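**Q** Note that numbering that gives the first Met the number 0 gives residue 8 to position 9 of the sequence shown, counting from 1, and the numbers run on in steps of one.
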Amino acid sequence: MYRVLLSATLILCSFTLNAADAAAGAAGYALCASCHGAQGEGVAAMNGPKLAGQEQWYLKSQLTAFKSGPRGTAAGDALGAQMRGMAATLVDDAAVDNVIAHILSLPQVSSPVTVQGDAVKGQALFAICATCHGAKGEGNMAMNGPRLTGQNDWYLVNQLQGFKKGLRGAAAGDALGMQMRGMAMTLADDQAVLDVVSYINSLQ
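(1) Span of the alpha helix (DSSP H) holding Gln-61?
(2) Taking contact to mean 3 or more Cβ pairs, one atom from each stretch, closer than 8 Å, check whether the segment 58-72 and the segment 167-180 are in contact.
(3) What did DSSP end up calling Glu-40 once you bin it into helix, strand or coil?
(4) Where Arg-146 and Gly-133 are concerned, what is the direct C-alpha to C-alpha distance, given to the nearest angstrom?
(5) Spatial neighbours of Ile-127 within its chain, please: CB distance less than 8 Å, with the 5 preceding and 5 following residues excluded, ordered by chain position.
(6) Starting from the Cα of Gly-121, find the closest Cα among Ile-99, Met-177, Ala-73 and Asp-194 and give me that residue.
(7) If you draw a straight line from the alpha carbon of Lys-135 to that of Tyr-198, how long is it in whole angstroms?
(8) By the DSSP assignment, the alpha helix (DSSP H) with Asp-96 in it spans what residues?
(9) Please report how far the alpha carbon of Ala-191 lies from the alpha carbon of Leu-124, in whole angstroms.
(10) What distance in whole Å lies between the Cβ atoms of Lys-49 and Gln-150, which are believed to be in contact at a cut-off of 8 Å?
(11) Check whether the Cβ of Ala-191 lies closer than 7 Å to any heavy atom of the ligand FMN, and answer yes or no.
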């Protein structure tokens, strides 16, 4: 069911966003800004990732997953549960589309490097990631792989560890998350996670 819902979301979101109101979205985004930053740059202290620069289809799919899908439902995923509550404040599809329209209007700036690893080793590890996320981490809608370049490196580390620990990709019905969890498990240890994220940093 969730896969069907996601597919419908990806098909329709490009059409619905044309009618979205970015000005109304700015008001709706005010609550988001406390964790994600006024310019969508991400706030590490609040565990809120960067949103500026992310693609429309992925923002829509993830807000949908938080509102009515599997994200934030796994046992122990306190941050996901918190975000699920925030997504619920967007009362309908129009509110979601308006907020996304505002996010798309925000400037794209480089994220500071906070992760230290071996980017050369990370390049080899990234080969399997490139299938879904693109050779340059640019994202691939056809493979449901979001953009990675430009994202906060600490968030990428947190999410890879979350997949490995079952905080993401373990909820019933989360087929795409389960697939990503399998990919994350190919990273043997914490150092491998740091290495692959360091390589992604080099792609900015």
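Ideal Cβ positions, reconstructed from N, Cα and C, are used throughout, including at glycine. Bear in mind the structure is a predicted one, so any value in this text is a computation, not a measurement.
**A** Based on what the coordinates show:
(1) 55-67
(2) yes
(3) coil
(4) 8 Å
(5) Met-182 and Thr-185
(6) Asp-194
(7) 10 Å
(8) 92-103
(9) 8 Å
(10) 6 Å
(11) As far as ligands go, the structure on display features none, and thus does not contain the ligand FMN.
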